[in-house]
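Chemist: A single structure is presented below for examination.
There are 4 protein chains.
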Amino acid sequence: MPVLAALERQLQGTRPLDGARVAASGRLTKERAYLLYVLKRAGARLLVADDPEPSHERDGIQRALGAVDYYDPGEPALDVLAGFHPHLLLDNGRLSVEAVSHRAQLGEIVGGTLHSRNAEMVVRRAIAGGQTPGFPLVGVASCPLKEQIETWHGTGQSTVAAIVTATRRQLAGTVVVVVGYGANGRGLASYLRAAHARVVVVERSATAGVLAVYDGMQLAQLETALPIADFVITATGEGDVIRDEHLDLLKDGCVLGNAGRRDGEIRVDDLKARASITRDCGGGVVEYVLSNRRILLLADGRQVNHHCGEGNASDVMDLSLALHVLCLQTLWESPQRYHAGIASVDPADAERVAQIKLHTLGLATSSVGR
Amino acid sequence: MPVLAALERQLQGTRPLDGARVAASGRLTKERAYLLYVLKRAGARLLVADDPEPSHERDGIQRALGAVDYYDPGEPALDVLAGFHPHLLLDNGRLSVEAVSHRAQLGEIVGGTLHSRNAEMVVRRAIAGGQTPGFPLVGVASCPLKEQIETWHGTGQSTVAAIVTATRRQLAGTVVVVVGYGANGRGLASYLRAAHARVVVVERSATAGVLAVYDGMQLAQLETALPIADFVITATGEGDVIRDEHLDLLKDGCVLGNAGRRDGEIRVDDLKARASITRDCGGGVVEYVLSNRRILLLADGRQVNHHCGEGNASDVMDLSLALHVLCLQTLWESPQRYHAGIASVDPADAERVAQIKLHTLGLATSSVGR
Amino acid sequence: MPVLAALERQLQGTRPLDGARVAASGRLTKERAYLLYVLKRAGARLLVADDPEPSHERDGIQRALGAVDYYDPGEPALDVLAGFHPHLLLDNGRLSVEAVSHRAQLGEIVGGTLHSRNAEMVVRRAIAGGQTPGFPLVGVASCPLKEQIETWHGTGQSTVAAIVTATRRQLAGTVVVVVGYGANGRGLASYLRAAHARVVVVERSATAGVLAVYDGMQLAQLETALPIADFVITATGEGDVIRDEHLDLLKDGCVLGNAGRRDGEIRVDDLKARASITRDCGGGVVEYVLSNRRILLLADGRQVNHHCGEGNASDVMDLSLALHVLCLQTLWESPQRYHAGIASVDPADAERVAQIKLHTLGLATSSVGR
Amino acid sequence: MPVLAALERQLQGTRPLDGARVAASGRLTKERAYLLYVLKRAGARLLVADDPEPSHERDGIQRALGAVDYYDPGEPALDVLAGFHPHLLLDNGRLSVEAVSHRAQLGEIVGGTLHSRNAEMVVRRAIAGGQTPGFPLVGVASCPLKEQIETWHGTGQSTVAAIVTATRRQLAGTVVVVVGYGANGRGLASYLRAAHARVVVVERSATAGVLAVYDGMQLAQLETALPIADFVITATGEGDVIRDEHLDLLKDGCVLGNAGRRDGEIRVDDLKARASITRDCGGGVVEYVLSNRRILLLADGRQVNHHCGEGNASDVMDLSLALHVLCLQTLWESPQRYHAGIASVDPADAERVAQIKLHTLGLATSSVGR
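Here's what the structure looks like:
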């Protein structure tokens, strides 16, 4: 994580977040813990969700993170906020919705960052439901440094590697149906095509469908696509994409996996209800034997790159996490640079992250033109 | 142009633009003339820039377009607007700047569409200079249906084909320096890499530079990149990118070309001033013999895909032009759907264009999830 | 042609072909004329086919080539050989077949080179018919420097550029049916796929078909493939691939083209017989209007990269032509290095061409291992 | 392994190998055991090398294989042959060399198949050393069904997946030096480039070097390439490629791995001798801390796709192994179809494997032309 490391070195001297209270949601992975550590070194006081499943690794992470406050993620979000009076949020959506709804009584909040499209959607719904956000919530997911690099390249690479490792099949020559052609599905489809698969895309949006066509993918309806699939990978962000009624359309030996962040895209219970025999093939692959065909499910329907593989490369997460640091710093020092509501990352903040990244690579931009 | 044709069929019955006066800037190519014709069939009254260079083709286009008003593109934009009192603009920037500046006296304008990033930049500068736009100007260039398809795939394909046809060199195995990694440069770089060139990117922005690195391009500074270039292609939208001082850095036989919309990226006069001999090689290629090396210039420094080739494929322009029709219709019928100032294409307008496109291809979207 | 130029400089001093008589068949393009010129400078005496269609260009080429003997390509091959008594052949097949058949009376022949797979096939048939070749005929077409570079990359690039320039269609998003998946078809399919087309392959050989599948192409039978084709490109080397009975299977607007070296892959007469209207669209494209659909034919069914475009890049032909020079030199100096019959290029001869090529690029190999 | 399964079904009825004694060398993986089982079902009597490391898995494989003879792989090859009097060999080279040398006393041998390029090289050396092979040894490695599919696609995919899983680094944007550009290195380089890495190739052969250049790779000498490498992957088939003197050229954090079949490409002892600290990072990655830099070694220098990953996909091995079955059948039934010495797979044998493969995929070839 060289960008976060560079930020740590820069900010521990100037401590721009001195006095700021930051409430964070989400699981404490090693990478996110380092983000929090950098915020702490920059002067922030932190409130962090405790991990519901104590483990050896969690203890090590908490020790490395040092003195911070913890809250029980099961506690109502409003109580969490009311008890800590945060200035800044670093959030997967849950805290922000409550903060927007109860802004009056949590008057010290100056803004926050949202980690994913899902988080933005949750907040957007609250706003559409009548809530007026009085402060900026910066969605880092649409910043090119996250969308093009982590969501596209990062997830593309890690998902393909996880599928290959788990199934030990040659993707070249197979038909892979990718359901959903947002940034996530598009990156994955691009990596699958580069691995010489034939990619068939199923999409709800015509705009995304036209993109898929011009990218060289075959666009088809779900019912037409499933019978020719060697693999079906969901990446919609929606629930119940593959359900009981679809199972009869699949070929014998078809592999089902989910590349979306959300767990319920494949209704695993429908598969289990239909299976006469279940066989664990190892590596996160379970074979369900239906009356006249076998279906292989990856990672029990959870995100395949995380649960059949090692997740995204740390250097691409480094870029996304560094965006949080600089956006939070800007929200604290110059909140007027972001408008209230869901805001995009200020290009100047993205540019600063990118400059540090190029510096760590020994590369530089070039003045061009006059 | 199947999408425009479908719109023509739809709108000639309902005539949603009845009563609307539309002022258009820009050259009357066959494709743009068809767009104007569709607007006319939809009920609009048109004011169109006359072509400064009368030709046989221009006569045919004007005949096909039928009864519209023309103005001399040399006339001051304000006079043009004041004489026609347009409701809607279809613009490359020049009319919009005046319309924003003199909104009070041109009170009937309800909005307009901007065809390119350049047009948006020109208007943005006027706004930054203190002008308050009182109406929406919809920038279609950032809509995925234009940016990802025409700017990326369209320009990528047409520029590569033009370079190959003009130079008759195998791109595989050469080093191509692409200066500028916006949507235009990025699409071009991607097509060059797919043709097995080694692409070296020069960029002013660190954010774009990091994207180039993760896309597999080599990022370098201009002075380091030029000496290894077999081709140098500019795509910055800026002027004076390749100047006198750069010529000594180039290899013997290096090819210079411009893929940007603007003409002055390569300072052709600097090249001419240095050349002892000039030789027309045909196909838009001119060889300049400097004291100790030969430099080949494509299309006299103008946009290479248009001047050494046939420009973008008509089916990708079809999508972009159809966006104008639907955005203008929305501006006329439901202007509140766009906010004042530079606005993005409403996803619903893009979706309608995409639906027609899929329909002409015999394809369809698929309901997914619940 | 830097490799031929380097050979010219090397061989004009040592004149290794002094005393050798070389009989050449085939058309006198600029590139092939340079090959012959290098052989002449190396000491050979040449007999060259005169061009049946005198032209301004042919005069220039003959002047540049200087004093050589010419024969009328309509003259029987045996008479040509009997009149010149060649030691070496540089051939498209016709001379070799006669030379093999009448070796006894043409006793001075020590060997020859064959330029194409087609030439090899013709000679192979003569051998299969009972002729015993008493000397080596080196097939350069299967040497990686020709097969992988000129046939694959060269034809791939030039065919795609010719199709794009002639039709002005975006290949991204279209379905291109490639009939034939030899080196020619495989290179073309690879370049089309890189341009984001969906490629459907039709093949007679199961081995080539399995390669197509693993390369990510869709394999289909001709009758299934034609109805979904936006483009049909033949590359089989066989005749009568697309015939009358196939025309009814094509979509309205489908484009037909031939990428094979042989002209009769598309039965143009069948198309003409069915067309009620014929329209020249320029650029080598002719539209045939059948009763209920329009078919566009490229280059009148002749090789599309040559007749709608500029043919292969000269730097890839340079490699192939240089192979002839070194193989002929070896046949003259050390004939025992090649066995009688159709022989492969000796890796040492290929290596020498490749070394010169790398030298002209300023590149070098590296000793590796111990 | 659907092709082997289809062969099993076909051959267990006709038993074409009845009476044939087949001696096999090499390790008893699950895949190779199935090949042997199919030979047994086809009537052959087998002699198989026993695994030197008894394990639970080996017991299962041997049980499934059933009654066959075993020999100790440590026993001299000549003794093995003399004791069994095989008709056919299925070999990694060791048995064949002895069989060629002592053909007189092992007169019943009619031929064999060689599994790898390495095996062919070993036998070629024996022949060059004066041995006259009196029977055919068919090298399956150069058959397109193995070279293009298993060596290119198979190893490309499995090596990239293994590197990604082991190092958890994003390949996009990194510089990967591939040493060796044979079929193995070329396939790997192609997969790495498709994953958006920048690939630098080091080669000893100019011919392979020119191919690398035209494929879009950067060709460099080892000493120039190493200092810019994020990864160095050897694929030469030679020993001692990366040695002590190269370690000082590497960047801090550089990853070393071997994709070649042979173990000694990276001199691991040199690395160990220089390291002050050694740290096991898990997943087959060991970090060696030299005085001023850290070097990461994959799989202890052994073939990375096998030792950091799952090896090649079984469906690509299926094709290669099926080639052995049909070549051995042809050698037994129609030995005259193969000439004595190292022979290529008869296209008819390859075609039969390919036909079965297409049949298992539900695909078919198409008659084309007349």
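Chains as they are written, first to last, in our numbering: chain A, 1 to 370; chain B, 371 to 740; chain C, 741 to 1110; chain D, 1111 to 1480.
Beta carbons: idealized from backbone N, C-alpha and C, even for Gly.
What you are looking at is a predicted structure, and each value in this text was computed from that prediction instead of being measured.
If I measure Cβ to Cβ from P1445 of chain D and keep anything under 8 Å in the same chain, skipping five residues before and after, which residues do I get?
Modeler: V1220, G1221, F1245, P1246.
Chemist: Closer than 8 Å, CB to CB, is A343 of chain A near chain B or not?
Modeler: Answer no: the Cβ-Cβ gap between A343 of chain A and chain B never drops below 8 Å.
Chemist: Give me the Cβ distance between L1500 of chain D and I1259 of chain D, rounded to the nearest whole Å; I'm assuming they're in contact under 8 Å.
Modeler: One cannot answer for residue 1500 of chain D here, as it falls past the ends of chain D, which runs 1111 to 1480.
Chemist: Which class does P335 of chain A belong to by DSSP, given the choice of helix, strand or coil?
Modeler: Three-state result, P335 of chain A: helix.
Chemist: Y658 of chain B: which of B:D639, B:A567, B:A403 sits nearest, CA to CA?
Modeler: It is B:D639 whose Cα lies nearest to the Cα of Y658 of chain B.
Chemist: Less than 6 Å between C-beta atoms, sequence neighbours within five positions excluded: which residues of the same chain meet that for Q752 of chain C?
Modeler: Counting only Cβ-Cβ distances below 6 Å, and skipping sequence neighbours, we find R781.
Chemist: On the three-state DSSP scale, how would you describe A1304 of chain D?
Modeler: Helix, per DSSP.
Chemist: Can a CB atom of chain C be found closer than 8 Å to the CB of A197 of chain A?
Modeler: It does: the Cβ of A197 of chain A has a partner Cβ on chain C nearer than 8 Å.
Chemist: Report yes if the CB atom of L465 of chain B is closer than 8 Å to the CB atom of A692 of chain B, and no otherwise.
Modeler: The answer is no: Cβ separation not under 8 Å.
Chemist: Using 8 Å as the Cβ pair cut-off and three pairs as the minimum, do the segment 202-213 of chain A and the segment 899-906 of chain C touch?
Modeler: Touching, no.
Chemist: Check whether chain D comes within 8 Å of G453 of chain B, counting only Cβ atoms and requiring the distance to be less than that.
Modeler: Chain D, which has no Cβ nearer than 8 Å to the Cβ of G453 of chain B, makes this no.
Chemist: Find out if the Cβ-Cβ distance for the pair T1284 of chain D, F1341 of chain D is shorter than 8 Å.
Modeler: Closer than 8 Å, so yes.
Chemist: Going along chain B, which residues have a C-beta under 7 Å from V995 of chain C?
Modeler: Those do not exist, as V995 of chain C stays about 13 Å from chain B at its closest Cβ, beyond 7 Å.
Chemist: When you check each C-beta in the segment 162-191 of chain A against every C-beta of chain C, which residues fall closer than 8 Å?
Modeler: The residues in question are Q170, A172, G173.
Chemist: Exposed or buried, what is E517 of chain B when buried is set at 16 or more other beta-carbons lying within 10 Å of its beta-carbon?
Modeler: Buried, since its Cβ has 16 or more Cβ neighbours within 10 Å.
Chemist: Please classify D1128 of chain D as buried or exposed, where buried requires at least 16 other C-beta atoms within 10 Å of its C-beta.
Modeler: Exposed, by the Cβ-count rule.
Chemist: So, is the C-beta of V602 of chain B closer than 8 Å to a C-beta in chain D?
Modeler: V602 of chain B does not count as touching chain D.
Chemist: If you check the beta carbons only, do L666 of chain B and V655 of chain B fall under 8 Å apart?
Modeler: Yes.
Chemist: Report the option in B:D420, B:E423, B:A720, B:R487 whose CA atom is closest to the CA atom of Q699 of chain B.
Modeler: When each option's Cα is compared against that of Q699 of chain B, the closest is B:A720.
Chemist: Looking only at DSSP bridge pairs, what is P876 of chain C linked to?
Modeler: P876 of chain C pairs with C:G1081.
Chemist: Starting from G627 of chain B, trace the alpha helix (DSSP H) both ways and give me its first and last residue.
Modeler: From DSSP, G627 of chain B is part of no alpha helix (DSSP H) but of the beta strand (DSSP E) over 624-628.
Chemist: By the DSSP assignment, the alpha helix (DSSP H) with V467 of chain B in it spans what residues?
Modeler: Where V467 of chain B is concerned, the enclosing alpha helix (DSSP H) stretches over 464-471.
Chemist: Taking only runs that begin and end inside the segment 478-506 of chain B, name each unbroken alpha helix (DSSP H) of 4 or more residues, in chain order.
Modeler: DSSP runs (the alpha helix (DSSP H)) wholly in the segment 478-506 of chain B: 487-498.
Chemist: On the CB-based measure, 16 or more other CB atoms within 10 Å of its CB, does P1243 of chain D come out buried or exposed?
Modeler: Flag for P1243 of chain D reads buried.
Chemist: So, is H339 of chain A buried or exposed, given that buried needs 16 or more other C-beta atoms within 10 angstroms?
Modeler: Exposed.
Chemist: Starting from A906 of chain C, trace the alpha helix (DSSP H) both ways and give me its first and last residue.
Modeler: First-last of the alpha helix (DSSP H) with A906 of chain C: 895-907.
Chemist: Please state the DSSP three-state secondary structure of C143 of chain A.
Modeler: The answer is coil: DSSP assigns C143 of chain A none of H, G, I, E or B.
Chemist: Taking the DSSP output, what are the residues bridged to E657 of chain B?
Modeler: DSSP output for E657 of chain B lists B:R649, B:L666 as bridge partner(s).
Chemist: Which residues mark the beginning and the end of the alpha helix (DSSP H) in which L1317 of chain D is found?
Modeler: The identity of residue 1317 of chain D in the sequence shown is Thr, whereas the question assumes Leu. 1316-1324 is the extent of the alpha helix (DSSP H) around T1317 of chain D.
Chemist: Can you pull the chain A neighbours of K727 of chain B, defined as C-beta to C-beta under 7 Å?
Modeler: Going along chain A in sequence order, the residues near K727 of chain B (Cβ under 7 Å) are V210.
Chemist: How many angstroms separate the CA atom of T1475 of chain D from the CA atom of A1453 of chain D?
Modeler: One C-alpha to the other measures close to 27 Å.
Chemist: Short of 7 Å in beta carbon distance, which residues of its chain neighbour T529 of chain B, apart from the five on each side in sequence? Order them along the chain.
Modeler: These residues qualify, in order along the chain: L558, A629, V674, N675.
Chemist: What I want to know is whether the C-beta of V1148 of chain D ends up closer than 7 Å to one or more non-hydrogen atoms of the ligand GTP.
Modeler: Of ligands this structure carries none, so the ligand GTP is not represented either.
Chemist: What three-state label does DSSP hand T1070 of chain C in the structure shown?
Modeler: If DSSP states are grouped into helix, strand and coil, T1070 of chain C belongs with the helices.
Chemist: With 16 as the cutoff for other CB atoms within 10 Å, does K1093 of chain D come out buried or exposed?
Modeler: With chain D running from 1111 to 1480 in the structure shown, residue 1093 of chain D is simply not present.
Chemist: Considering only the beta carbon of each residue, do D244 of chain A and R267 of chain A sit closer than 8 Å?
Modeler: Contact: yes.
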